[in-house]
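Residue numbers (full-length UniProt numbering): 1 to 227. Glycine included, C-beta positions come from ideal geometry on N, C-alpha and C.
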Ligand code: C5P
């Protein structure tokens, strides 16, 4: 069994504006609708658990999409807290060995072929797998004065995307351990790495973008309108 877990409790403060970015429209629908649809379109995904802010009054109230259940729970102060809350709220039928696909609500352009390859890799590797892409630009480390202090080697550096796919029990334990240690993890793989796992990198499309700025939203609009 596979469940989608969608953290959507962020306030999108980096984007600016009143509306949290997952509710901004692109190609006629909120970003989160595109994210959920892409996950639920996979025949093996049983449903989705969405983590929302406690005072969210913009959630459109879907109980199902594509004929599959869309459940919700209250998220937490950090992304990892929201993911952990969602994992804990999953139905019991999703046991410890169930695969979970954690995907950003603000990442609307996931393609079916990438999802398919991610699921295959996560099933073949006990430590799970994430979509990612190799770094293509030259990397500069800034000094405090915004002048270049060093050029960093980019060999073997990747950018981590979502979805990230792990066994529910292992990911829950890893996120709890990170929280107890007071370590802020910025993605699920980082929690798994702390627990000793070595998740697989699955090269995905570069246009699986996370909307963070108004320029990202314009790009997402363009990409989604062409699909
Ligand atoms: O802010 P950032 O782009 O890293 O957020 C990634 C995803 O995590 C978004 O979908 C956002 O809504 C979610 N999030 C969350 N709970 C938080 C912070 C972010 O569910 N406390």
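Alpha carbon of residue i to alpha carbon of residue j, nearest angstrom
i: residue 90; j: residue 49; result: 7 Å
i: residue 8; j: residue 104; result: 7 Å
i: residue 142; j: residue 187; result: 24 Å
i: residue 192; j: residue 145; result: 35 Å
i: residue 150; j: residue 139; result: 9 Å
i: residue 78; j: residue 203; result: 27 Å
i: residue 54; j: residue 171; result: 23 Å
i: residue 226; j: residue 182; result: 43 Å
i: residue 160; j: residue 129; result: 11 Å
i: residue 120; j: residue 148; result: 41 Å
i: residue 107; j: residue 64; result: 20 Å
i: residue 155; j: residue 136; result: 9 Å
i: residue 94; j: residue 173; result: 15 Å
i: residue 34; j: residue 125; result: 28 Å
i: residue 96; j: residue 169; result: 4 Å
i: residue 87; j: residue 4; result: 10 Å
i: residue 45; j: residue 101; result: 9 Å
i: residue 132; j: residue 210; result: 12 Å
i: residue 212; j: residue 158; result: 19 Å
i: residue 206; j: residue 134; result: 9 Å
i: residue 198; j: residue 175; result: 15 Å
i: residue 180; j: residue 190; result: 15 Å
i: residue 42; j: residue 76; result: 28 Å
i: residue 153; j: residue 80; result: 29 Å
i: residue 22; j: residue 68; result: 20 Å
i: residue 208; j: residue 6; result: 15 Å
i: residue 222; j: residue 84; result: 33 Å
i: residue 56; j: residue 82; result: 14 Å
i: residue 61; j: residue 224; result: 23 Å
i: residue 201; j: residue 16; result: 32 Å
Within 8 Å, strictly: CB atoms of residue i and residue j
i: residue 163; j: residue 110; result: yes
i: residue 72; j: residue 52; result: yes
i: residue 2; j: residue 99; result: yes
i: residue 36; j: residue 70; result: yes
i: residue 235; j: residue 195; result: As displayed, the chain neither begins before 1 nor continues past 227, which places residue 235 out of reach and without an answer.
i: residue 115; j: residue 38; result: yes
i: residue 217; j: residue 24; result: yes
i: residue 26; j: residue 220; result: yes
i: residue 20; j: residue 14; result: no
i: residue 113; j: residue 166; result: no
Those residues which DSSP pairs with residue i across a bridge
i: residue 164; result: 102 and 130
i: residue 202; result: 131
i: residue 18; result: Answer is none; residue 18 lacks a bridge partner.
i: residue 11; result: The partner list for residue 11 (beta bridge, DSSP) is empty, contrary to what the question assumes.
i: residue 140; result: 151
i: residue 4; result: 48 and 101
i: residue 178; result: Residue 178 is not bridged to any residue.
i: residue 25; result: 30
Go through the region 43-116 residue by residue and report every complete run of the beta strand (DSSP E) that reaches 3 residues or more, in order. Along the region 43-116, the beta strand (DSSP E) occurs as fully enclosed runs of 3 or more residues at 45-52, 68-74 and 99-102, listed in sequence order.
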